[in-house]
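Written below as structure tokens is the structure these notes are about.
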Amino acid sequence: MTQPPEADALFDDWHETTIRVRYAETDRMGVVYHANYLVWFEIGRTEFCRARGFAYKDMEENDQAFLVVAESYCRYKAPARYDDEIVIRTHITEL
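Below you can see the structure in the form of structure tokens.
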């Protein structure tokens, strides 16, 4: 299926959101608990939409549009620790 030109532009676009690791997101050793990465993915997705003028809350309430996450993948390269600044980079690969 061919995407409209404005949709094609989304595939080339990245969005960055910076957060700071909160104490509650870490284990006793100060390392981020692995399930929190999925929470951060959702922050990235929501902010990606918001930066493009699509408030996810409005899409759900007004348009009955729900963006389903069918698959999620994470490769751990280094631990994130309490008080680290993390950059969440969001990109659309498929519509």
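For reference, each letter of the sequence shown is one residue, going 5 to 99 in our numbering. Note that the Cβ used here is the ideal one computed from N, Cα and C, for glycine as well. This structure is a prediction, so every number in the text was calculated from the model and none was measured.
Determine the closest residue to residue 97 out of 91, 77, 34, with distance taken between C-alpha atoms. As a first step, residue 97 is located in the sequence shown; it is residue number 93 there, counting from the start. Among 91, 77, 34, the Cα nearest to that of residue 97 belongs to 77.
Do the CB positions of residue 19 and residue 55 come within less than 8 Å of each other? Counting from 1 along the sequence shown, the entry for residue 19 is found at position 15. Counting from 1 along the sequence shown, the entry for residue 55 is found at position 51. Yes, Cβ-Cβ distance for residue 19 and residue 55 is below 8 Å.
What do you reckon, are the CB atoms on residue 102 and residue 60 nearer than 8 Å? Lying before the first or after the last residue shown, residue 102 is absent from the chain, which here runs from 5 to 99.
Expected contact under 8 Å - CB spacing of residue 57 and residue 21 to nearest Å: As a working mapping, residue 57 is identified with position 53 in the sequence shown. As a working mapping, residue 21 is identified with position 17 in the sequence shown. No, residue 57 and residue 21 are not in contact; Cβ-Cβ is about 16 Å, not under 8 Å.
Among 79, 64, 52, 86, which one has its Cα closest to the Cα of residue 29? Numbered from its first residue, the sequence shown carries residue 29 at position 25. Answer by Cα proximity: 86.
Quick test of your reading: residue 43 and residue 88, contact by CB under 8 Å. State the CB separation rounded to the nearest angstrom. Within the sequence shown, numbered from 1, the residue matching residue 43 stands at position 39. Within the sequence shown, numbered from 1, the residue matching residue 88 stands at position 84. With a Cβ gap of about 15 Å, residue 43 and residue 88 do not count as contacting.
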